[in-house]
Amino acid sequence: MKRFCSLLIAALLIAALLPAPEARAADQVINVYNWGQYISDGTDDYIDVNAAFEEETGIHVNYMTFDSNESLYTKLKTGGSVYDVIVPSDYMVGRMIDEGMLLPLNFDNIPNFEYVDDEFKYMQHDPENLYSIPYTGGTVGVIYNSLYVDEEDIGSWDLLWNPKYAGKILMFDNPRDAFAIPQAMLGYSLNTTDEDELRASAYKLIEQKPLVQAYVMDQIYDKLEREEAWIAPYYVGDYIQMHWENEDLAFYYPEEGFNRFVDCMCIPTCATNKEGAEAYINFLLRPDVCGENMDWVGYTAPETAAREYLSLDEDEMALAYPPEEITSRGQAFAHLGAETTQLMDSLWLEVKTEGDVDYVPIIGIAVTAALVGGYLLWRGQRTRRRKASRCRKWKTA
Amino acid sequence: MESKRLASPYLVWMAIFTVVPLGIVVWYAFTDSTGAFTLGNISRMGTYWPIFLKSIWLAILSSFICLLIGYPVAYTIAGASPKGQRLLYMLVMLPMCMSFLLRTLAWVALLDDTGIINNLIRSLGLKPLPLIRNDAAVVLGMVYNYLPYMIMPLYTVLLKIDRRLTEAAEDLGCRPGEVFTRVTLPLSVPGIISGFTMVFVPAVSTFYISQKMGSSGTTLIGDVIESQFKAAYNPNLGAALSLALMVLVLACVAIMNRFSDGEEVATI
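Chains Y and V are the protein sequences, given in the same order. Per the working numbering, the very first residue in the first sequence carries number 112; after that it's consecutive. Per the working numbering, the very first residue in the second sequence carries number 130; after that it's consecutive.
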């Protein structure tokens, strides 16, 4: 009986780990993996895109979010998870195509692709436009709090290295976006593969480190809105959202140049419902859905037809759809190849772990070790002495 | 024999979820991204010694502070009436019912430059204090989160100390202070050691607290390991770091256990 019980418990423990039978076995499900704060979800009476899609198609959407291209890549590489639609940025699309991680799309299922503007088709990361469909476009710039930051200090990336604002500066927590800033400042290409240039950029980031409050991604929203931090480089669409929450926030395009990006909808090889995923992509491309979605998200809609559904004000439109003289200063990221990506990853780790040698832990541990060792030695001797005296007593007795 | 059979589900559990993953960690630590054998990951450990030292130091400091705070608490609880014991024990356990992440975020909300405490200070017309993003804040976070792990084993051990032993010491002329230092404290050493271990091990490998409450310079070894698995996709280096950390933790635990070895056992 006991044996049976123990076997039963073991079986139950294992069963608990197996996936529960899908509650909606009859219905279709797709798993969508997108950036945080990157889809209109019904807040403030804006459209709830996923609910609208479920209602129209009956396909249930499992919506999950990530906070950087690198964590998306790692999640897919590690395996074990199923995603049907993912939204990597341009350079990551290039890398994923390179490594065979994406499925070619069936454009017969995505007729709304015709609305996409020509400048967003056949882009350098996917020259034949087989694997990716643009979701949004945008630029990187500096967000600052006009209450605390002097107007004369703004204009360049230098602001992020200004010791006047030490402890109030935030920085990207992913290597590609972080390296692009010193690269622009030092006049390098944002796609440089030169080791010396990358090392010089890393050195500049190490120089900046004592001024940085934190390396963060989505937490930038909260920290800037609450004025815990005053300066951060981030994506323009997110600035538009933050500006709704805190009117004192302002934005500028650094004069040295900046990254201009396109985030794309793709289907990874781990997808189990490719047709559902294509239906979802097609739905997001529908001009009314795209327009109402971008209205909340604050990024550039990749289709002109969607613009009539926008209700952004004039300033916001100027940021989401910047004029030619600004876009021409932006530079797109390209996939740098495995070797450079690896170098950048290890340089980034150096940046994150670099610091002056701190003597407090060394002294602290040395003192602790001396105390512990001293005590153990003293106790050992005491025990020996006691034993010896006991022996003596026993002998004399 | 019977007891062995009862343990079998746990042994199976251990084998699948502890021994096998450990083997995988070792495997990753000694291979490169192509799966070929390499010592490259292990040889890179040298670069990270300041981070290892810092992690160990902050963990020792937190464990020690936990002990200083936790011992009187455990002593008080053990000395209370049964009803009082239940209530006090529950109060100690209560914060643990809430998510660890939430508790840490609550501290962030309290200590931030624009947080509750500093807003209060500012409303009194005083200069705000730099409460967060330093090592002290990280230690505070660790102490707060891991304190119950210190109190619980101490309480259990103190509760089991035979009253007759302390009474005997009193009868034989010990002053109250001496009863404590010569009887109670030595008898509670096993509790101190297990409490120390239970605080030290999670503290030395923590990553969330240091990210939320530390500065950009407070990168602990747990942060580096997390970044290798979460963003950099270098599980080999991550596994090597975990392995090195595991060896260090085992060494620390072995040293701590020496305290209880040779301690003379007091029984009646």
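Cβ atoms here follow ideal geometry from the backbone N, Cα and C, with glycine treated the same way. Owing to the predicted nature of the structure, the values given are computational and were not obtained by experimental measurement.
Backbone CA spacing between residue i and residue j [nearest angstrom]
i                  : j                  : result
Glu-389 of chain Y : Ala-443 of chain Y : 26 Å
Val-483 of chain Y : Phe-388 of chain V : 9 Å
Gly-491 of chain Y : Ile-194 of chain V : 27 Å
Pro-344 of chain Y : Arg-440 of chain Y : 16 Å
Leu-377 of chain V : Ala-332 of chain V : 13 Å
Glu-403 of chain Y : Gln-319 of chain Y : 39 Å
Gly-336 of chain V : Met-328 of chain Y : Here residue 336 of chain V turns out to be Phe, not Gly, going by the sequence shown. So the two alpha carbons sit approximately 17 Å from each other.
Asn-386 of chain V : Gln-340 of chain V : 31 Å
Ala-383 of chain V : Leu-187 of chain V : 19 Å
Asn-363 of chain V : Arg-495 of chain Y : 52 Å
Glu-263 of chain Y : Ile-378 of chain Y : 46 Å
Asp-459 of chain Y : Ala-313 of chain Y : The identity of residue 459 of chain Y in the sequence shown is Trp, whereas the question assumes Asp. The alpha-carbon atoms of Trp-459 of chain Y and Ala-313 of chain Y are separated by roughly 7 Å.
Glu-461 of chain Y : Thr-185 of chain Y : 19 Å
Arg-497 of chain Y : Leu-488 of chain Y : 14 Å
Arg-215 of chain V : Arg-292 of chain V : 20 Å
Leu-447 of chain Y : Ile-208 of chain Y : 13 Å
Tyr-350 of chain Y : Val-202 of chain V : 49 Å
Gly-368 of chain Y : Asp-269 of chain Y : 12 Å
Pro-315 of chain V : Gln-453 of chain Y : 54 Å
Asp-201 of chain Y : Met-234 of chain Y : 9 Å
Asp-307 of chain Y : Met-296 of chain Y : 15 Å
Asp-62 of chain Y  : Tyr-149 of chain Y : No information on residue 62 of chain Y is available, as it lies outside the stretch 112 to 508 that chain Y covers here.
Pro-365 of chain Y : Ala-477 of chain Y : 48 Å
Ser-137 of chain V : Leu-231 of chain V : 36 Å
Val-237 of chain V : Val-193 of chain Y : 34 Å
Asn-274 of chain V : Arg-418 of chain Y : 50 Å
Asn-217 of chain Y : Glu-386 of chain Y : 9 Å
Thr-304 of chain Y : Ala-382 of chain Y : 33 Å
Met-222 of chain V : Gly-169 of chain Y : 45 Å
Ala-445 of chain Y : Lys-315 of chain Y : 22 Å
Thr-380 of chain Y : Tyr-432 of chain Y : 33 Å
Trp-142 of chain V : Arg-262 of chain V : 40 Å
Same chain only: Cβ atoms within 7 Å of residue i, ignoring 5 sequence neighbours per side
i                  : result
Glu-338 of chain Y : Asn-256
Pro-295 of chain V : Here residue 295 of chain V is Thr; the residue named in the question, Pro, does not match the sequence. If we look at Thr-295 of chain V and ignore the five residues flanking it on each side, its Cβ neighbours are Val-308, Val-312, Thr-313.
Ile-392 of chain Y : Val-196, Ile-221, Ile-244, Met-376
Ala-325 of chain Y : Leu-281
Ile-410 of chain V : The shown model of chain V, from 130 to 397, leaves out residue 410 of chain V, and the question about it has no answer.
Val-267 of chain V : Leu-187, Ile-338, Ser-339, Met-342, Gly-343, Thr-347
Phe-358 of chain V : Pro-364, Gly-367
Gly-270 of chain V : Thr-233, Trp-236, Ile-338, Met-342
Sequence-distant residues of the same chain with beta carbon closer than 6 Å to residue i, five excluded per side
i                  : result
Ala-158 of chain V : Asn-170, Ala-368, Ala-369, Leu-372
Ala-277 of chain Y : Leu-322
Asp-406 of chain Y : Leu-421, Ser-422
Ile-145 of chain V : none
Residue-level contact to chain A via CB, residue i, 7 Å cutoff
i                  : result
Pro-472 of chain Y : Structure shown: chain A not included; protein chains present are Y and V.
Chain-order list of residues whose beta-carbon lies under 8 Å from that of residue i (same chain, five-residue window excluded)
i                  : result
Gly-199 of chain V : Leu-276, Met-279, Ile-280, Leu-283, Gly-324
Leu-168 of chain V : Phe-159
Tyr-218 of chain V : Ile-206, Tyr-284
Whole-number beta carbon distance between residue j and residue i, since they are thought to touch under 8 Å
i                  : j                  : result
Pro-413 of chain Y : Gly-249 of chain Y : In fact, because the Cβ distance is near 11 Å, the residues do not count as touching under 8 Å.
Val-227 of chain Y : Asn-173 of chain Y : Wrong, their Cβ atoms sit about 26 Å apart, outside the cutoff.
Val-400 of chain Y : Phe-231 of chain Y : In fact, because the Cβ distance is near 17 Å, the residues do not count as touching under 8 Å.
Asp-264 of chain V : Thr-326 of chain V : Contact flag wrong, Cβ pair sits at about 22 Å.
Glu-465 of chain Y : Ala-360 of chain V : Not quite, the Cβ-Cβ distance comes to about 17 Å (not below 8 Å), so this is no contact.
Ser-184 of chain V : Val-272 of chain V : Actually they are not in contact, since the Cβ atoms of Ser-184 of chain V and Val-272 of chain V sit about 15 Å apart, beyond 8 Å.
Residue i: CB within 6 Å of a non-hydrogen atom of the ligand FMN
i                  : result
Asp-333 of chain Y : Annotation note on the ligand FMN: not contained in the displayed structure, which lists no ligands.
Span of the alpha helix (DSSP H) around residue i
i                  : result
Thr-464 of chain Y : 449–464
Ile-476 of chain Y : 470–507
His-446 of chain Y : Run containing His-446 of chain Y: none; DSSP gives neither H nor E here.
Trp-355 of chain Y : 347–356
Tyr-362 of chain V : Looking at the DSSP string, Tyr-362 of chain V is not in any alpha helix (DSSP H), and its letter there is neither H nor E.
Ala-291 of chain Y : 286–296
Start-to-end residues for the beta strand (DSSP E) that takes in residue i
i                  : result
Gly-248 of chain Y : 244–256
Thr-176 of chain Y : 171–177
Tyr-432 of chain Y : Here Tyr-432 of chain Y belongs to no beta strand (DSSP E), and DSSP marks it neither H nor E.
Asn-247 of chain V : Note, Asn-247 of chain V: premise wrong, no beta strand (DSSP E); alpha helix (DSSP H) at 245–252.
Tyr-326 of chain Y : 323–327
The stretch 269–293 of chain Y: positions lying closer than 9 Å to chain V by Cβ: Gly-278, Lys-279, Met-282, Asp-284, Asn-285, Pro-286
Going along the chain, which residues of the stretch 231–262 of chain V sit with their C-beta nearer than 7 Å to a C-beta in chain Y? Asp-241, Asp-242, Thr-243, Arg-262
Identify each residue in the stretch 456–467 of chain Y for which the Cβ-Cβ distance to at least one residue of chain V is less than 7 Å, and report them in chain order. Asp-456, Leu-460, Lys-463, Thr-464, Gly-466
Members of the stretch 296–330 of chain Y near chain V, C-beta cut-off 8 Å: Lys-320, Pro-321, Val-323, Gln-324, Ala-325, Tyr-326
Near-chain V residues of the stretch 331–357 of chain Y - C-beta to any C-beta below 7 Å: Arg-337, Glu-338, Glu-339
Which residues, taken in chain order from the stretch 352–384 of chain V, show a beta carbon closer than 9 Å to some beta carbon of chain Y? Asp-352, Val-353, Ser-356, Gln-357, Phe-358, Lys-359, Ala-360, Ala-361, Tyr-362, Asn-363, Pro-364, Leu-366, Ile-384
According to a CB-to-CB cut-off of less than 8 Å, which residues of the stretch 184–195 of chain V neighbour chain Y? Ile-185, Trp-186, Leu-187, Ile-189, Leu-190
Interfacial residues, the stretch 368–397 of chain Y to chain V, with Cβ spacing under 7 Å: none
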